[in-house]
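Residue numbers (my numbering): 28 to 265.
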């Protein structure tokens, strides 16, 4: 499969940007499937370039520090791109901000979460109906989180919930999203959270909770415990 990686943030950790991390996650997912995969990266955050969706079997939208609820040319252009890709039945996978901007393209609203930051590794609960939509037989998965904005509203398209965020994903025939980051590792989330602590965006008690949650990723992957997340994705792309 040929995948378009759309980079929506300039942040880099250990030399890797969010698109590189997404490619690593997808590469492992396709190894599980025994399928070949190739990538093209589009640095929309830098030069405004977006792919021709019809040239790809999957479009991957990364996370971003940008606010999805703002009315900006950056958001508006991306929303139109998503709508165009969906109208042509191209599969789209959205992560964090990517999840939120896809929701906006469907007419839903996003906002700052009144409950504050959701940081660290969290267990997402899946109802029986969520499991049916995703085609899985487990009722929870663990995923790394670093977000303050959320999708709002109510829809049969929404799946997954935590105490702080009742909409953890979207699933329809050609769209799959995660509010969390399946491509992140526990060490990376801890590094990001330390920065939040240093900048006084979270307090020490919140940070200590994040440290405890770093032990939660234990559902089967060699270095990041996200075997269940890979299963959700490969069932989507099949």
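Where a beta carbon is used, it is the ideal one built from N, C-alpha and C, also for glycine.
Note that the coordinates shown come from a computational prediction; the quantities given were computed from them, not determined experimentally.
Does the pairing of the segment 151-163 with the segment 130-139 give three or more beta-carbon distances under 8 Å? no
Span of the beta strand (DSSP E), counted from its first residue to its last, around residue 260: Segment 254-264 is the alpha helix (DSSP H) holding residue 260; no beta strand (DSSP E) there.
Using 10 angstroms around the beta-carbon of residue 108, count the other beta-carbons present and answer buried if the total reaches 16, otherwise exposed. buried
Rounded to whole angstroms, how far is the Cβ of residue 105 from the Cβ of residue 67, which I believe are closer than 8 Å? Taking the Cβ atoms as the reference, residue 105 lies roughly 17 Å from residue 67, outside the contact range of under 8 Å.
Under 8 Å, with one C-beta from each stretch per pair, do the segment 89-96 and the segment 55-63 reach the 3-pair mark? no
Pick from 148, 206 and 85: whose alpha carbon is nearest that of residue 186? 206
For residue 260 and residue 231, what's the separation of their Cα atoms in angstroms? 35 Å
Buried versus exposed, by CB contacts within 10 Å (16 or more), residue 235: exposed
Where residue 251 falls: helix, strand or coil (DSSP): Unreliable positioning characterises residue 251 in this predicted model, as indicated by a pLDDT of 47, which lies under 50. A coordinate reading is not provided.
What's the call for residue 242, buried or exposed, on a 16-neighbour Cβ count within 10 Å? exposed
Segment contact, 8 Å Cβ cut-off, at least three pairs: the segment 209-229 with the segment 180-194: The segment 209-229 is not in contact with the segment 180-194.
Return the Cβ separation of residue 256 and residue 168 in integer angstroms, given the expectation that the two are a contact with Cβ distance under 8 Å. 6 Å
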